[in-house]
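Quick notes on the structure that follows.
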Amino acid sequence: NAGVTQTPKFQVLKTGQSMTLQCAQDMNHNSMYWYRQDPGMGLRLIYYSASEGTTDKGEVPNGYNVSRLNKREFSLRLESAAPSQTSVYFCASSYSELAKNIQYFGAGTRLSVL
Amino acid sequence: SQQGEEDPQALSIQEGENATMNCSYKTSINNLQWYRQNSGRGLVHLILIRSNEREKHSGRLRVTLDTSKKSSSLLITASRAADTASYFCATASNSGYALNFGKGTSLLVTP
Numbered sequence: 015n016a017g018v019t020q021t022p023k024f025q026v027l028k029t030g031q032s033m034t035l036q037c038a039q040d041m042n043h044n045s046m047y048w049y050r051q052d053p054g055m056g057l058r059l060i061y062y063s064a065s066e067g068t069t070d071k072g073e074v075p076n077g078y079n080v081s082r083l084n085k086r087e088f089s090l091r092l093e094s095a096a097p098s099q100t101s102v103y104f105c106a107s108s109y110s111e112l113a114k115n116i117q118y119f120g121a122g123t124r125l126s127v128l
Numbered sequence: 755s756q757q758g759e760e761d762p763q764a765l766s767i768q769e770g771e772n773a774t775m776n777c778s779y780k781t782s783i784n785n786l787q788w789y790r791q792n793s794g795r796g797l798v799h800l801i802l803i804r805s806n807e808r809e810k811h812s813g814r815l816r817v818t819l820d821t822s823k824k825s826s827s828l829l830i831t832a833s834r835a836a837d838t839a840s841y842f843c844a845t846a847s848n849s850g851y852a853l854n855f856g857k858g859t860s861l862l863v864t865p
């Protein structure tokens, strides 16, 4: 049981390049989330997917797009990377969309935009 | 927006001592959760306390919740070097879809 798997673990981009961060969970969870974590900060929600087929903006969605490909997979795309998007990105999942539930996190993707 | 605020930002203790971290929040909640993050890793859920609970235990962890003061504390008893990590509180509202995380307390436990 792998839990939440994120790929890649590390990535370096040049300003203006695009990339997609992949996330998959094998816990049959309905809801999935993308967060970013910056030094000295807690986690900030970028986008979430309450259930398969739905996505909604979080606190900091600008510059990102997401796709809930199926129940297992939720990807985050940077269309034109900017240095301000240098961060550690975490994917998480939970049984239901309600914030009453525990979230399970992946190991993170460390992204540098030069 | 970040609702939880942990205090202190950093804490350094010796093995065997107790570690206490505090969290304050601003709006009404359904529950409050504590997570641990080891360096370079993802967050791991530790404990959840509901708004109608005042205290909860899990192993060496003790969490209290005071909804009148909008605050919570996490106590780790008999700390070990392996407890070295950042600890985050996260609040869950009755209607919101996401957890609101604080900035975390960095705990260092030295042998």
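So the sequence lines, in the order shown, correspond to chains Y and G. Just add 14 to the spot in the first sequence (first one is 1) and you have our numbering. Just add 754 to the spot in the second sequence (first one is 1) and you have our numbering. Every residue gets a Cβ at the ideal spot worked out from N, C-alpha and C, and that includes glycine.
Asked, Found
"Leaving out five residues on either side along the sequence, give the residues of the same chain with a beta carbon under 6 Å from the beta carbon of E809 of chain G.", "T818"
"Can you find a CB in chain Y that lies within less than 8 Å of the CB of L815 of chain G?", "no"
"When burial is assigned at 16 or more other CB atoms within 10 Å of the CB, is F837 of chain G buried or exposed?", "Just to set this straight, residue 837 of chain G is Asp in the shown sequence, not Phe. Buried, by the Cβ-count rule."
"Check the Cβ of K857 of chain G against every Cβ in chain Y and list those closer than 7 Å, keeping chain order.", "G54, M55 and G56"
"Sorted by chain position, which residues of the same chain lie with C-beta nearer than 8 Å to S45 of chain Y's C-beta, five sequence neighbours on each side aside?", "Y62, S63, A64, S65, S107, S108, Y109, S110, E111 and N115"
"Go ahead and label V127 of chain Y buried or exposed: buried means 16 or more other beta carbons lie within 10 angstroms of its beta carbon, across all protein chains shown.", "buried"
"Between the C-alpha atoms of S32 of chain Y and M775 of chain G, what's the straight-line distance to the nearest angstrom?", "40 Å"
"With 8 Å set as the bound, which would you pick, yes or no: does the beta-carbon of S755 of chain G sit closer than that to a beta-carbon of chain Y?", "For S755 of chain G, the pLDDT reaches just 49, beneath the cut-off of 50, and the residue's location in the model is therefore unreliable, leaving the point undetermined."
"Output the distance between the C-alpha atoms of A96 of chain Y and G30 of chain Y, rounded to the nearest integer angstrom.", "6 Å"
"Would you call S812 of chain G buried or exposed, if buried means 16 or more other Cβ atoms sit within 10 Å of its Cβ?", "exposed"
"Skipping 5 residues on each side, what residues in its chain have a beta carbon closer than 6 Å to that of E87 of chain Y?", "A38"
"Is K28 of chain Y near R124 of chain Y, with beta carbons less than 8 Å apart?", "no"
"Could you check how far apart the C-beta atoms of L815 of chain G and A839 of chain G are, in whole angstroms? I think they sit under 8 Å.", "Not a contact, Cβ separation roughly 13 Å."
"So, helix, strand or coil for S793 of chain G, using DSSP?", "coil"
"Determine the burial state of Q768 of chain G: buried for a count of at least 16 other Cβ atoms within 10 Å of its Cβ, exposed for fewer.", "exposed"
"So, is T781 of chain G buried or exposed, given that buried needs 16 or more other C-beta atoms within 10 angstroms?", "exposed"
"Work out the CA separation of Q99 of chain Y and A846 of chain G for me, nearest whole Å.", "26 Å"
"Kindly indicate which three-state DSSP category Q39 of chain Y falls into: helix, strand or coil?", "strand"
"How would you list, in chain order, the residues of chain Y whose beta-carbon sits under 8 Å from the beta-carbon of R795 of chain G?", "A121 and G122"
"Taking only beta-carbon positions, decide if L59 of chain Y is within less than 8 Å of chain G.", "yes"
"Is A96 of chain Y helix, strand or coil by DSSP?", "coil"
"From R91 of chain Y to R82 of chain Y, what does the alpha carbon distance come to, in whole angstroms?", "11 Å"
"Under three-state DSSP, which class holds D837 of chain G?", "helix"
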